[in-house]
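Note sheet for the following structure.
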Amino acid sequence: MVDVTGSLATVTVGTPAEVAAHSTIDLMATVRLFAAARDAAGVGRDELPGATVDDVLRAARDRYGVAFGEVLGSCKIWVNGEPAVGADPIGSADELAVLPPVSGGCT
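Just so you know, we're using the working numbering here: the sequence shown kicks off at 4 and counts up by one.
Here it is as structure tokens:
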């Protein structure tokens, strides 16, 4: 964050979530949806705002509705190929994947 007063500039550094909380620019994360999550949302890929994983998932629930929210409850969430939790920061260079449980195999 930059505060310019007169000829002096102050730069405040924080976590991506802290910086985003003070920013007027929405961070947009790439969201990839697979299997039942993709079916419930009607799309396989989207851009959604949020500074944390929870923020992005809240935006997804708002955009895609109740059926998506029900599927989301059983999904694993990964960011950039690693398991993620709700408080993890996320930014415009990140990719969040919604991975429902998958079954199959031979009998």
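Idealized CB from N, CA, C, for every residue including glycine.
Euclidean distance between Cα positions of residue i and residue j
i, j, result
"Asn83", "Ala38", "18 Å"
"Thr27", "Ser106", "Because Thr27 sits at a pLDDT of 44, beneath the cut-off of 50, its placement in the model cannot be relied upon, and the following sentence gives the value as read from the coordinates. Answer to the nearest angstrom: the Cα atoms are 43 Å apart."
"Pro103", "Arg35", "12 Å"
"Glu98", "Gly76", "19 Å"
"Ala96", "Thr33", "8 Å"
"Gly94", "Ile80", "15 Å"
"Gly53", "Glu73", "20 Å"
"Glu100", "Pro86", "The sequence shown places Ala at residue 100, rather than the Glu named in the question. Roughly 9 Å separates the two Cα atoms."
Residue of the options minimising C-alpha distance to residue i
i, options, result
"Phe71", "Ala32, Thr33, Val46", "Val46"
"Arg41", "Gly68, Met31, Asp58", "Gly68"
"Ala90", "Arg61, Ala44, Arg66, Cys78", "Arg61"
"Leu48", "Ala87, Glu85, Met31", "Inspection of the sequence shows that residue 48 is occupied by Arg rather than by Leu. Comparing Cα-Cα distances from Arg48 to each of Ala87, Glu85, Met31, the minimum goes to Met31."
Residue(s) in a DSSP beta bridge with residue i
i, result
"Val101", "Leu36, Ile80"
Item to check | Completely contained beta strand (DSSP E) runs for the segment 20-95, where each covers 3 or more residues | outcome: The qualifying runs are 31-36, 48-52, 79-82.
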